[in-house]
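Here is the structure we will look at.
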Amino acid sequence: MKAKIAVIAIAILFSIPISKAYVDAKFIILDENGRQIFMRDENGEIIYGNVVVGQKIYFDGRKTTSHYGNLDSITFNWFFGDYKNGIEQKILDGGPLVEHVYEEPGVYTARLVAKGSGGPAEIANV
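131 is the number that my numbering gives the last residue of the sequence shown; the numbers go up by one with no jumps.
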(Lines of atoms letter the chains of each structure in order from A; the text may use other names.)
(Lines give C-alpha, C1' and ligand atoms only; values in the text may rest on other atoms or scores of the structure.)
Protein backbone atom coordinates (compact mmCIF):
# COMPACT_ATOMS: atom_id res chain seq x y z
CA MET A 6 0.00 0.00 0.00
CA LYS A 7 2.85 2.42 0.77
CA ALA A 8 4.33 1.87 -2.70
CA LYS A 9 1.09 2.96 -4.41
CA ILE A 10 0.92 6.17 -2.38
CA ALA A 11 4.52 7.06 -3.25
CA VAL A 12 3.89 6.54 -6.98
CA ILE A 13 0.81 8.79 -6.91
CA ALA A 14 2.69 11.51 -5.02
CA ILE A 15 5.54 11.45 -7.55
CA ALA A 16 3.13 11.63 -10.49
CA ILE A 17 1.41 14.68 -9.00
CA LEU A 18 4.72 16.36 -8.23
CA PHE A 19 5.92 16.06 -11.83
CA SER A 20 2.60 16.99 -13.45
CA ILE A 21 2.42 20.47 -11.90
CA PRO A 22 5.29 22.14 -13.84
CA ILE A 23 4.06 20.63 -17.12
CA SER A 24 0.54 22.09 -16.85
CA LYS A 25 -0.53 24.74 -19.37
CA ALA A 26 0.12 28.40 -18.55
CA TYR A 27 -3.35 29.92 -18.44
CA VAL A 28 -3.70 33.68 -18.85
CA ASP A 29 -6.16 36.22 -17.42
CA ALA A 30 -6.16 39.07 -19.96
CA LYS A 31 -6.91 42.57 -18.64
CA PHE A 32 -6.24 46.04 -19.99
CA ILE A 33 -7.00 49.70 -19.45
CA ILE A 34 -6.80 52.69 -21.80
CA LEU A 35 -4.78 55.75 -20.83
CA ASP A 36 -4.32 59.24 -22.31
CA GLU A 37 -0.96 60.95 -22.91
CA ASN A 38 -0.83 62.02 -19.25
CA GLY A 39 -1.39 58.50 -17.90
CA ARG A 40 -5.02 59.15 -16.88
CA GLN A 41 -7.44 56.29 -17.35
CA ILE A 42 -9.90 57.08 -20.15
CA PHE A 43 -12.65 54.73 -19.06
CA MET A 44 -13.60 52.79 -15.97
CA ARG A 45 -16.33 50.42 -14.81
CA ASP A 46 -18.99 51.34 -12.29
CA GLU A 47 -20.17 49.05 -9.46
CA ASN A 48 -22.49 47.22 -11.92
CA GLY A 49 -19.68 46.54 -14.37
CA GLU A 50 -20.96 49.10 -16.90
CA ILE A 51 -18.31 51.10 -18.71
CA ILE A 52 -18.16 54.84 -17.99
CA TYR A 53 -16.58 56.41 -21.08
CA GLY A 54 -14.12 59.23 -21.26
CA ASN A 55 -13.31 61.30 -24.32
CA VAL A 56 -10.81 60.44 -27.01
CA VAL A 57 -10.17 63.02 -29.72
CA VAL A 58 -9.52 61.94 -33.32
CA GLY A 59 -5.75 61.95 -33.81
CA GLN A 60 -5.03 61.70 -30.06
CA LYS A 61 -2.39 59.16 -29.07
CA ILE A 62 -3.75 56.74 -26.47
CA TYR A 63 -2.12 53.85 -24.67
CA PHE A 64 -3.45 50.34 -24.17
CA ASP A 65 -1.99 48.94 -20.96
CA GLY A 66 -2.19 45.18 -20.44
CA ARG A 67 0.31 45.00 -17.60
CA LYS A 68 -2.44 43.77 -15.22
CA THR A 69 -2.67 40.59 -17.32
CA THR A 70 -1.57 37.59 -15.30
CA SER A 71 -0.43 34.10 -16.21
CA HIS A 72 -0.66 30.87 -14.29
CA TYR A 73 3.00 31.24 -13.34
CA GLY A 74 3.03 35.03 -12.89
CA ASN A 75 5.56 35.70 -15.65
CA LEU A 76 4.54 38.39 -18.20
CA ASP A 77 7.56 37.52 -20.37
CA SER A 78 5.94 34.22 -21.38
CA ILE A 79 2.73 35.92 -22.63
CA THR A 80 2.12 36.94 -26.24
CA PHE A 81 0.06 40.17 -26.50
CA ASN A 82 -1.95 40.65 -29.72
CA TRP A 83 -3.88 43.95 -29.89
CA PHE A 84 -6.84 44.64 -32.22
CA PHE A 85 -8.17 48.21 -32.22
CA GLY A 86 -11.48 47.85 -34.11
CA ASP A 87 -10.67 50.49 -36.74
CA TYR A 88 -9.82 49.76 -40.36
CA LYS A 89 -7.52 51.27 -43.00
CA ASN A 90 -8.01 50.10 -46.58
CA GLY A 91 -10.27 47.29 -45.32
CA ILE A 92 -7.67 45.90 -42.90
CA GLU A 93 -8.22 46.01 -39.15
CA GLN A 94 -5.49 47.95 -37.37
CA LYS A 95 -3.57 45.68 -35.01
CA ILE A 96 -0.26 45.09 -33.30
CA LEU A 97 0.75 41.44 -33.08
CA ASP A 98 3.13 40.38 -30.30
CA GLY A 99 3.36 44.01 -29.21
CA GLY A 100 4.01 43.54 -25.54
CA PRO A 101 1.81 44.63 -22.62
CA LEU A 102 1.89 48.40 -23.38
CA VAL A 103 1.15 49.79 -26.86
CA GLU A 104 -0.05 53.08 -28.34
CA HIS A 105 -2.66 53.75 -31.03
CA VAL A 106 -4.28 56.72 -32.78
CA TYR A 107 -7.86 56.61 -34.08
CA GLU A 108 -8.08 58.59 -37.34
CA GLU A 109 -11.90 58.62 -37.69
CA PRO A 110 -14.66 59.41 -35.16
CA GLY A 111 -16.76 56.44 -34.08
CA VAL A 112 -17.34 53.75 -31.50
CA TYR A 113 -14.70 51.03 -31.50
CA THR A 114 -14.24 47.74 -29.68
CA ALA A 115 -10.60 47.17 -28.77
CA ARG A 116 -9.45 43.61 -28.06
CA LEU A 117 -6.47 42.11 -26.32
CA VAL A 118 -5.78 38.47 -27.13
CA ALA A 119 -3.19 37.22 -24.64
CA LYS A 120 -1.74 33.74 -24.81
CA GLY A 121 0.67 32.01 -22.46
CA SER A 122 3.09 29.40 -23.71
CA GLY A 123 1.17 26.19 -24.26
CA GLY A 124 -2.14 27.47 -22.86
CA PRO A 125 -5.33 28.72 -24.50
CA ALA A 126 -5.76 32.34 -25.60
CA GLU A 127 -7.71 34.72 -23.33
CA ILE A 128 -9.61 37.67 -24.83
CA ALA A 129 -10.44 40.99 -23.16
CA ASN A 130 -12.69 43.54 -24.93
CA VAL A 131 -13.42 47.22 -24.30
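Ideal Cβ placement from N, Cα and C applies to all residues, glycine included.
{"Item": "Beta-bridge partners of V28, as assigned by DSSP", "Value": "S71"}
{"Item": "Start-to-end residues for the beta strand (DSSP E) that takes in T80", "Value": "79 to 89"}
{"Item": "Per-residue DSSP class, three states only, for D46", "Value": "coil"}
{"Item": "Limits of the beta strand (DSSP E) - the one that V106 falls within", "Value": "102 to 106"}
{"Item": "Short Cβ contact (7 Å threshold) for A126 with F32", "Value": "no"}
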